[in-house]
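Right, one structure below, let's go through it.
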Amino acid sequence: MSTYLWIDLGAFIVPFLFSFHPRLRFDRTWFALWPALLGMMLIFIPWDSWFTHLGIWGFNEDHLSGITFFGLPLEESLFFICIPYACLFTYHCFRALGVKDYFGPWSGRITWFLVSALLLVIVFFPGKAYTTSAFGALALWLLLLQLWLKPIWLGRAYFAYLILLLPFMIVNGILTGSMLEEAVVWYNDAENLGVRIGTIPVEDIFYGLLMVLVPITIYEGLLKRRAMAAQ
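The sequence shown begins at 1 in our numbering and counts up by one.
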């Protein structure tokens, strides 16, 4: 089995097994989870495939199975299932276990700070495809949330992502070569800021936040619809 596939499965297996825990029962929300992941993939798979085609990033074939899916390695496509599944499982656990919404009162200020910072970077560092697309897409999604949807869950989502940054850094660190002789995923630094946290491009942090917020938005919307229909 390929290195990348081991990484995907390693991130997925524990959250999947604990989805059936009697205190969590994440499986009972799968009616909302799977459409949420599909909606996210409809955005991220074409984006990923196009940037791979352009050489903005790419993959080391020595760590792949050789199977492709929509112009991407199978392992990369599975990444968009395994990692967001683990992230939404964590987010669900905070809800199910009644973890305090620490960032709830500050979610609006956090959102406006992020939007401002992201747009400023785009203005001062133009012409970098990964930076512009990741920062721009996240800024637009945050504006959608802040100005239109006004979700009460946004603070909890920020807090969950903050906690998830540690495992995220471990997984992405392995993929970008921090624990291997060669990177599984490589980046063309002409298309990003060239700023790395270890071996991880800083853009990945914001790309990851968008990859979490998009499915949470759909997931929460479907949960709300089911609850209203049950009344």
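Even glycine gets a Cβ: it sits at the ideal position worked out from N, Cα and C. On a predicted model such as this, the values are computed, not experimentally measured, just so you know.
One thing to note: residue 97 has its Cβ no nearer than 8 Å to the Cβ of residue 4.
When only Cα atoms are considered, residue 223 and residue 29 end up about 8 Å apart.
Going by C-alpha positions, residue 35 is about 8 Å away from residue 215. Residue 185 sits in a strand when the DSSP states are folded into three classes. Under the 10 Å beta carbon count, residue 92 is surrounded by 16 or more other beta carbons and is classified as buried. DSSP places residue 196 in the strand class (E or B) of the three-state scheme.
Contact between residue 213 and residue 134 is absent: CB atoms are separated by about 13 Å, not below the 8 Å threshold. For residue 58, the pairing in a beta bridge is given by DSSP as 186. Each of 228, 218, 111 and 153 was checked against the Cα of residue 84, and the nearest Cα belongs to 218. In this structure, the straight-line span from the alpha carbon of residue 163 to that of residue 53 is close to 33 Å. For residue 204, the enclosing alpha helix (DSSP H) stretches over residues 203-230. Residue 131 is a Cβ neighbour of residue 193, given a cutoff of 8 Å. Between residue 114 and residue 145, the CB-CB gap reaches or exceeds 8 Å. Residue nearest to residue 79 within the set 109, 199, 41 and 191 is 41 (criterion: CA-CA distance). The straight-line gap separating the alpha-carbon atoms of residue 148 and residue 140 is approximately 11 Å. The residues 210, in chain order, have a CB closer than 7 Å to that of residue 137 in the same chain once the five nearest residues on each side in sequence are set aside. The way I'd put it, the stretch 160-175 does touch the stretch 198-208; three or more beta-carbon pairs between them come closer than 8 Å.
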